[in-house]
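For reference, the structure is listed below as structure tokens.
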Amino acid sequence: MGALEIIIGIAVIIISIVIIAVVVLQKGHRRGINGAISGGADTFLSKNQARTADVLLAKWTKYFAIAFFVLAIVANIIAIYA
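Residues in the sequence shown are numbered from 1 upward in steps of one, following the working numbering.
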């Protein structure tokens, strides 16, 4: 096992942990009965702030997922030809 395989393996592990953290930080989209009853209690500004944070976390999730798959493919290619 070469140094490049170890570095890519560590990068895949770190990115997978980051993906888990970003997904856990996202809000759930299911509100249930309490959200339907008290939905009018949210102010307009608080809804917009929640959306921007959710949108930012969703973008980060996409970027880290793409990086994860690219690194996984690269790791497999290196493992085949090494």
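Note that beta-carbon positions come from the ideal geometry of N, C-alpha and C, so glycine has one too.
Asked: By Cβ distance, which residues of its chain are closer than 8 Å to E5, with the 5 residues on each side in sequence left out?; Found: A75, I78, A79, A82
Asked: Rounded to the nearest angstrom, how far is the Cβ of V12 from that of F68, given a contact under 8 Å?; Found: 7 Å
Asked: Could you check the C-alpha separation between I19 and T61 for me, to the nearest Å?; Found: 6 Å
Asked: Please report how far the alpha carbon of I8 lies from the alpha carbon of V22, in whole angstroms.; Found: 21 Å
Asked: Under a Cβ-count criterion, where at least 16 other Cβ atoms within 10 Å of its own Cβ denotes burial, should I15 be classed as buried or exposed?; Found: buried
Asked: Looking only at its own chain, which residues have a Cβ that is under 8 Å from the Cβ of D54, when we skip the five neighbours before and after it?; Found: Q26, K27
Asked: Rounding to the nearest angstrom, what Cα-Cα distance links T52 and V24 in this structure?; Found: 16 Å
Asked: Ordered along the chain, which non-local residues of its own chain (more than five positions away) have a Cβ less than 7 Å from that of L57?; Found: V22, L25, Q26
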